[in-house]
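Peer 1:
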Amino acid sequence: MLDHGRHEHPDWLWRSPEPRTGYDAIIVGAGGHGLATAYYLAERHGMTDVAVLDRGWLGGGNMGRNTTIIRSNYLYDESAGIYDHALKLWDGLSQDLNYNVMYSARGVMMLAHNVHDIQVLKRHVHANRLNGIDNEWLTPEQAKEFCPPLNISRDARYPVVGASLQRRGGTARHDAVAWGYARAASARGVHIIQNCEVTGIKRAAGGQVTGVETSKGSIGAKKIGVVAAGHSSVIMNMAGIRMPLESYPLQALVSEPVKPVFPCVVMSNTVHAYISQSDKGELVIGAGTDQYISYSQTGGLHILNHTLDAICEMFPMFTRMKMLRSWGGIVDVTPDRSPILAKTPVKGLYVNCGWGTGGFKATPGSGNVFAHTIARDEPHPINAPFTIERFRTGRLIDEAAAAAVAH
Amino acid sequence: MAANYRISGHGRLAQAKTARFSFDGRSFAGVQGDTLASALLANGVHLVGRSFKYHRPRGILSAGAEEPNALVQIVRDAARKTPNVRATVQELYDGLTAHSQNRWPSLAFDIGAASDRAGGMFSAGFYYKTFMWPKAAWKAFYEPRIRAAAGLGVAPDQPDPDHYASRFAHCDVLVLGGGAAGIAAALAAAETGVRVILCDEQAEFGGALRFEAGASVDGANGWAWAQATVAKLAAMDNVRVLPRTTAFGYYAQNFVGLVERISDHLARPGDGLPRERLWQVRAKRVILATGSIERHMVFADNDRPGVMLASAARTYLNHYGVAVGRNVGVYTANDTAYAAAIDLKKAGVNIAAIVDLRDNPSSPAVDEARALGIEVNHGRAVIRAGGKLRVSSMTIQPKTGGGERTIPVDALLMSSGWTPSVHLFSQSRGKVAFDDATKRFLPGSYAQDCVSVGACNGTDDLTATVDEAYAAGEKAARDFGGKAVKSLRPKAVSTESFAGNMLGAGPGAGLDKPVKAFVDFQNDVTAKDIRLAVKEGMRSIEHVKRFTTTGMATDQGKTSNMHGLAIAAETLGKEIPEVGLTTFRAPYTPVTFGAIVNHGRGALFDPTRKTATHAWAEAHGAVVEDVGQWKRAWYFPKAGEDMHAAVNRECVTVRKSAGLFDASTLGKIEVVGPDAAKFMELLYTNPWEKLDSGRCRYGIMLREDGFIYDDGVVGRLAPDRFHVTTTTGGAARVMNHMEDYLQTEFPHLNVWLTSISEQWAVIAVQGPNSRKIIEPLAEGIDMSDEAMPHMSVREGKICGVPTRLFRMSFTGDRGFEVNVPADYGLAVWEALWAEGQKHGACAYGTETMHVLRAEKGYIIVGQDTDGTVTPNDTGLDWAVGKKKTDFVGIRGLTRPDLAAPGRKQLVGLKTKDPKIVLEEGAQIVADPKQPVSMKMIGHVTSSYWSENCGRSIAMALVADGRAMMGKTLYVPMPNSVIEVEVCSPVFFDEKGGRLNG
Amino acid sequence: MLLIRCPYCEEERPELEFRNAGEAHIARPSNIAATSDEDFEKFFFIRSNPKGIIFERWRHMHGCARFFNAVRDTVSDKFVMTYKAGEPKPDLAAIAESGPAAWANRPPDQLNVKKPAAKRKTIKKGEA
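Residue numbers (the working numbering), protein chains in the order written: chain A, 941 to 1347; chain B, 3 to 999; chain C, 22 to 149.
1. Apply the 10 Å Cβ neighbour rule to LEU113(C) and answer buried if 16 or more other Cβ atoms are within range, or exposed otherwise.
2. Measuring alpha carbon to alpha carbon, tell me which of ARG855(B), ARG316(B) and GLY661(B) ends up nearest SER40(B).
3. By how many angstroms is the C-alpha of GLU837(B) removed from the C-alpha of PRO778(B)?
4. Pull the bridge partners of LYS1163(A) from the DSSP assignment, please.
5. For ARG651(B) and GLU627(B), what's the separation of their Cα atoms in angstroms?
6. Of all the residues that make up the region 81-106 of chain C, which are near chain B by a beta-carbon distance shorter than 8 Å?
7. Using beta carbons (cut-off 8 Å, strictly below), is PHE1326(A) in contact with chain C?
8. Give me the residue from ARG905(B), VAL368(B), PHE663(B) and ALA236(B) with the minimum Cα distance to VAL820(B).
9. Since HIS172(B) sits in a beta bridge, which residues does DSSP pair it with?
10. Is it true that the CB of ALA1168(A) sits closer than 8 Å to the CB of ILE1175(A)?
11. Please determine if the region 1024-1031 of chain A and the region 1297-1316 of chain A are in contact, where contact requires at least 3 C-beta pairs separated by less than 8 Å.
12. Give me the Cα-Cα distance between LEU997(B) and LEU1248(A), rounded to the nearest whole angstrom.
13. Going along chain D in order, which residues have a C-beta closer than 7 Å to the C-beta of ARG149(B)?
14. Using the beta-carbon count (16 or more within 10 Å), is ARG93(C) buried or exposed?
15. Checking 8 Å against the spacing of the C-beta atoms, do THR848(B) and TRP636(B) come in under that value?
16. Does any residue of chain A bring its CB to less than 8 Å from the CB of HIS425(B)?
17. Look at the alpha carbon of THR1064(A) and the alpha carbon of GLY731(B), and state the distance between them as a whole number of angstroms.
18. Could you pull the start and end residues of the beta strand (DSSP E) that ALA958(B) belongs to?
19. Since PHE61(C) meets chain B, which of its residues come closer than 8 Å, beta carbon to beta carbon?
20. Starting from HIS380(B) and walking both ways along the beta strand (DSSP E), at which residues does that stretch end?
21. With 8 Å as the limit, tell me which residues of the region 1176-1195 of chain A have their beta carbon closer than that to any beta carbon of chain C; keep them in chain order.
22. Of all the residues that make up the region 853-884 of chain B, which are near chain A by a beta-carbon distance shorter than 8 Å?
23. If we ignore side chains and look at the alpha-carbon of each, how far apart do ALA413(B) and SER125(B) end up?
24. Quick one: using the 10 Å Cβ neighbour count with 16 as the cut-off for buried, is TRP106(B) buried or exposed?
25. Listed from N- to C-terminal order along the chain, which residues in the region 611-645 of chain B have their beta-carbon within a distance smaller than 9 Å of any beta-carbon of chain C?
26. In the structure shown, what three-state DSSP assignment does ILE1280(A) receive?
27. Would you decide whether TRP880(B) is buried or exposed? Buried here means 16 or more other CB atoms lie within 10 Å of its CB.
28. Does the beta-carbon of GLU77(C) have 16 or more other beta-carbons within 10 angstroms, so that it is buried, or is it exposed?
29. Assuming ILE1010(A) and THR1111(A) form a contact by the criterion Cβ under 8 Å, report the distance between their Cβ atoms to the nearest whole angstrom.
30. Report the three-state DSSP secondary structure of SER496(B) (helix, strand or coil).
31. My assumption, with CB atoms under 8 Å, is that VAL434(B) sits in contact with LEU426(B). Please give the rounded CB distance.
32. Using Cβ-Cβ distances below 8 Å, what residues of the region 1249-1267 of chain A are close to chain B?
33. Would you verify that the beta carbon of GLY432(B) is, or is not, closer than 8 Å to some beta carbon of chain A?
34. At the level of alpha carbons, what is the spacing between GLY817(B) and PHE724(B)?
35. Between ARG1005(A) and chain B, is there a C-beta pair that is closer than 8 Å?
36. So who's on the other strand from SER944(B), going by DSSP bridges?
What follows is the structure, given as structure tokens:
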């Protein structure tokens, strides 16, 4: 078993080639979604003349900064479709890539703190069940049994009155996902070119794309897929497309490592916190976004303050734990909080963006259908609803609105 | 009996004040003023922990916050267990109880150390390549074991009984670090009268003066000068001195987070004392005097207990009076380690040898060492440390190779130079620059109003440090209006220099060597691991860091980052700056969650809002529910009633007689001014111009995209005055929404908006007897149907206090809402209650309110709508002014998809079995026999048992629902399918006659 | 936590008092009912989202409650200036040098550069 691991690997994870003069397709952004797109282009669509460009190092954007939560218990059919497509790929991804991404189906529990939360979460549970997605309802006692540190006291400021649980949900090691895809793509001939910032998108007289200008010179491409979370507006502007996006700082933190104490992922929309424990023993805690647009990858202390308030309210024994590290990413947010995975008005240009705070969980599914969209020049049925045009027509996929607000 | 390594006549602690403590169940004696580390060393204990991955025995590396190895669990009582406490920082108190971590069954014999012997297999990144096959084994077998092996200490398992405090502060000059530099800077600024805050992570100020024995300032011993100067500063009104206070985070616009440890060093903290305090300081200027941190040498088995930083050994001797061994070796590449050897030698400790990597070191320190008879081996390296639970020898070799020689030692001091602490500078978004001459990163370009002084700025000797720091303090004082004073610039003298750097692995830890030469101790990252990462294709230090986990342990790489970087650069054949430096992220050292949370716990987690009648409701047995921040009466059970029985009784009573309901949580906004009606026309879909004064109208507010944002009854009090109500949850955002449009889009309108939610208590009196209950108490209001029809509002008095009396109904029965000034809310409620009792009225809560409105098909925004619902979808098209040319949302409503067929529409549902109450949120299908994924055509938004209807009732949003009246649809549940019939959402009194009944 | 100058209150206050209100200078069309789907999309959904200088709206929610505009760099989060609602969009070139002092870039070699003690304000004891 161990021998399998030790001898079948090449002695490098990925090559760092110099760019060729042109490629069949260029993926802008070597994050998880971009690398997955390249992998599936090569693996499923036979497109290996592909380069993935990144202004920094691969997996160094939100891919390396998220809290690694994986789930698919979304409300609308469109969302459930793409996230569950991803979840099915997660289960088996280590074997597909021959690289252990440490997908841990430890269960994602979402807490209800009032009657309104119950209505919203039960709506999800019912819709998920009819969509074939596991998501079950738990009483507070059942929730505590599943997650012993949880405070279910009726005296809490916002007592837990129930929870939904997706057992297939969980976490994965984010770096391993990026590296696994990079390694598998590289092994199939994909060029991963780091420290290569795209500064322009070149177009022919007819409008179609012909390549990109970069910090390493001009590179030709028949097709360009933009998968540059945090910078989607910036890149798309280079092709003259203004996006329905705003970019916000999103912070997260980890505690010092401790022995296993937290067996699952817990999320609460009402008190605004989510938490899990990594395989290194750190409590991984996600905070909210700052209120203003920023590309600084930093945020305010008061945001962490609010998050830890919530964590310690739900798990009062954690006040003596210590914050080891905090950091920020940039999330691109669409008006309906659902992503855009689509062709664009510019021929040969495709965009995958707007995942907001939840892109990590979609990585395999997103890359898989985006590769299909690029290779076939038409969306896969799963991503067909996630157009840019929906904001014009009003056919939104509004998961945030569906969570509504307390009456 | 423990060995005694305390040397009388050395150190600054008063020997008489004994503090007893226990470590892993063994009792020891220390001295007050000790750290746990110095007390353990005084007792000859070096073995204090086990490493993360290999479970290697580990000792005490440092004497400060950079400690990677000596992490322990401190236990005060069952609820006060703190994991991962650095023994080098934990001050000793009488009765302290500590345990080692990450070992089983014992520290000296740890089964987990088997992974050390299998070390070749467990090299960096090994997880990723293994444990995948067979697939099922990962979840069932490998993952639980990997997780069980990870982690260091044990998380507390009880709520923390301690409390934490918080302060905000402003100052002109914030000095971070209280060594010679920080003290000098603070002194210069403080003397001019500007506001100064000086903080240091240690219990006492002085920084490196703690160990730098030969330093003097203004003729006094350096340490003594530091104490005297800080005492003087602390006595000044314009200065705040904060010991035991770590600056952990440097945020935008000179906003700095500090955490002050208040009682962790006390034997009996006392109930009133917080454990820690968070300081959030906004400073005009920050002076960074954060010093530098000594690095270890990277050679084989450099992690054996007893192998430590030279400055640490010197600190233990000169401050704590503790010798770290009796026969000590020294391995260095600079001069500062000589000072440690010299001090120890003078204290009577044998120095086995100094091994200096440099070929021809020459300095006063080298000469003095030789003069003291210490053997100095230059051009040589320590290639290996011997021993296991304690270092027993060092093996040395010329660095060019050749014969080895093993020298017995019981402690081995090392220094490869000093890393300037640019962490906070980097957090301020300043850019560091690599200084090639001295091989270190120093502050480059600044992003905020701050300045670095002393060792963190690359200044290597004390005289220059004090001069530079004092000048920075003076400059800050001038910039912020300090008064002119005669300069008292201290004159510092020291013969020592912190210059000299050696980065990366030493000889004997080469590529080809199968040895464990540790770069990052806690995470067990060796030089070889870093080389392997580069060989696997890692080109960026960020990848190397994440692949090997170097620098990611609780010490955040304070001693290891530069070594790791140098080894990566060497392996890549690149210069260090080309490989980059990883980002420094807050916090500088780990910060207790409790300190950040401080008061925000329990009841103070979030404000709790209660209405004027809350206490009355509780006294009358109300069960309370959370609605946003509000606590609302949910239902009022009588003895023996469950929720169902209570709600049924309340529902029937209201329709039979009357009920009282506290509706104070509704948002209320007064819209006043000559253009008030025009403004209302723009903000609501309804027409308002023609609404008569004294009348009310149900209004719908949209967002610009055409979806329902809020609703509520609006009363027109006068031509220029509207009393607007909003939903409970919408109160604040509706006010914001109105203000936004008024201030920025419609500023030409002469209108004032005033939130009056808190000013008016609202008592709904609903039911056939409602008028009879209110009438006796009202003054100056004719409540007859003729004078005051449904949907009207009157101003007058009730119980002698002003009222805005609305005749309106959210039940479908005759009803009123009595608005009175909030201070009189309870009194009026009690008066109404007394009247109500005469008619058999009840008090009812939110649940009955929900049921009664659902019986009438009245929607609740946020429950029957979800932000994707238009007025037409809910059957409220009548409330959209057809002749209006503008209102917020008018354009959004005409977008193609909002006007398209097939939208979900609000309908009623009746279960075929009237006893079945549908679950809210349940999904609706046309064909229950279809396989998953089923086509869902709608969902249940509201569902209740209606005692008044004698059956269950429900509302739902169903695609094309209004065209399906009478049709059968299905609600598939986990174990059954419920048949439902689509119907009107009005279940009770469809003609509406009861409004006047 | 940002420090924001309210142009109405004429002082810098902590971010917690303010509420960001999105991109500035997007006027609601006066005849909105007649706008095309495309123009409505531009008005309501499309945003500049610049990496660099942004013109944005803030509300001094827990202060004077006024909406105002700000010019800020979204990379450094530095405010260039704030100005009252209704005032014209500032000319960037003209305001490039006017950032608040707290953001001034002071390299250490300028530490002791002598500057005229122009606006020195004396502080009485007790005011500190």
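All C-beta atoms, glycine included, are put in the ideal place defined by N, C-alpha and C.
Peer 2: Judging by the given coordinates:
1. Here residue 113(C) refers to the residue found at position 92 of the third sequence. Burial call: exposed.
2. Residue numbering aside, residue 40(B) sits at position 38 when the second sequence is read from its first letter. With distances taken between Cα atoms, SER40(B) lies closest to ARG316(B).
3. The count along the second sequence starts at 1 and reaches residue 778(B) at position 776. The count along the second sequence starts at 1 and reaches residue 837(B) at position 835. Cα to Cα, the separation comes out at about 8 Å.
4. Taking the first residue of the first sequence as 1, we reach residue 1163(A) at position 223. Note: LYS1163(A) sits in a beta bridge opposite ALA965(A).
5. Here the question's residue 651(B) lines up with position 649 in the second sequence. Here the question's residue 627(B) lines up with position 625 in the second sequence. Roughly 19 Å separates the two Cα atoms.
6. MET82, ALA86, ARG87, PHE88, SER97, ASP98 and ALA106
7. Position 386 of the first sequence, counting from 1, holds the residue named residue 1326(A). Taking Cβ atoms only, chain C never reaches closer than 8 Å to PHE1326(A), which makes this a no.
8. Counting from one through the second sequence, the residue named residue 820(B) turns up at place 818. Per the Cα distances, PHE663(B).
9. Position 170 of the second sequence, counted from the first residue, corresponds to residue 172(B). HIS172(B) pairs with ARG284(B).
10. The residue given as residue 1175(A) occupies position 235 in the first sequence. The residue given as residue 1168(A) occupies position 228 in the first sequence. Yes, Cβ-Cβ distance for ILE1175(A) and ALA1168(A) is below 8 Å.
11. yes
12. Translated into positions along the second sequence, residue 997(B) becomes position 995. Translated into positions along the first sequence, residue 1248(A) becomes position 308. If you take the alpha carbons of LEU997(B) and LEU1248(A), they lie about 50 Å apart.
13. The structure shown contains no chain D; its protein chains are A, B and C.
14. Position 72 of the third sequence holds residue 93(C). Flag for ARG93(C) reads buried.
15. As a working mapping, residue 848(B) is identified with position 846 in the second sequence. As a working mapping, residue 636(B) is identified with position 634 in the second sequence. Their beta carbons are under 8 Å apart, which means THR848(B) touches TRP636(B) by this criterion.
16. By one-based count along the second sequence, residue 425(B) stands at place 423. Judged by the 8 Å Cβ criterion, HIS425(B) is not in contact with chain A.
17. Working through the first sequence from its first residue, we reach residue 1064(A) at position 124. Working through the second sequence from its first residue, we reach residue 731(B) at position 729. The question names Thr, yet the displayed sequence has His at residue 1064(A). Spanning the two alpha carbons is a distance of roughly 22 Å.
18. Taking the first residue of the second sequence as position 1, residue 958(B) is located at position 956. Unbroken beta strand (DSSP E) run through ALA958(B): 953-961.
19. The residue you call residue 61(C) lines up with position 40 of the third sequence. The answer, in chain order, is ARG893, GLY894 and ARG897.
20. Numbered from its first residue, the second sequence carries residue 380(B) at position 378. Where HIS380(B) is concerned, the enclosing beta strand (DSSP E) stretches over 378-380.
21. ARG1182, MET1183, PRO1184, LEU1185, GLU1186 and SER1187
22. ILE862, VAL863, GLY864, GLN865, THR867, ASP868, GLY869 and THR870
23. Your numbering for residue 413(B) matches position 411 in the second sequence. Your numbering for residue 125(B) matches position 123 in the second sequence. Straight-line Cα distance between these residues: approximately 28 Å.
24. Position 104 of the second sequence, counted from the first residue, corresponds to residue 106(B). So TRP106(B) counts as exposed.
25. none
26. Translated into positions along the first sequence, residue 1280(A) becomes position 340. It is a strand residue.
27. Along the second sequence, one-based indexing puts residue 880(B) at 878. Looking at its Cβ environment, which holds fewer than 16 other Cβ atoms inside 10 Å, TRP880(B) is exposed.
28. Within the third sequence, residue 77(C) is the residue found at index 56, counting from 1. Buried, by the Cβ-count rule.
29. Taking the first sequence and counting its residues from 1, the one referred to as residue 1010(A) is at position 70. Taking the first sequence and counting its residues from 1, the one referred to as residue 1111(A) is at position 171. The pair is a contact, with the Cβ atoms about 6 Å apart (cut-off 8 Å).
30. For this step, residue 496(B) is matched to residue 494 along the second sequence. Looking at SER496(B) - three-state DSSP - the assignment turns out to be coil, as it is neither helix nor strand.
31. Here residue 434(B) refers to the residue found at position 432 of the second sequence. Here residue 426(B) refers to the residue found at position 424 of the second sequence. With a Cβ gap of about 12 Å, VAL434(B) and LEU426(B) do not count as contacting.
32. ASP1249, ALA1250, ILE1251, CYS1252, GLU1253, PRO1256, MET1257, PHE1258, THR1259, ARG1260, MET1261, LYS1262, MET1263, LEU1264, ARG1265, SER1266 and TRP1267
33. Looking up residue 432(B) in the second sequence gives position 430. GLY432(B) does not count as touching chain A.
34. Stepping through the second sequence from its first residue, residue 817(B) is reached at position 815. Stepping through the second sequence from its first residue, residue 724(B) is reached at position 722. Spanning the two alpha carbons is a distance of roughly 20 Å.
35. Stepping through the first sequence from its first residue, residue 1005(A) is reached at position 65. Cβ-Cβ to chain B under 8 Å: no for ARG1005(A).
36. The count along the second sequence starts at 1 and reaches residue 944(B) at position 942. Beta-bridge pairing links SER944(B) to MET957(B).
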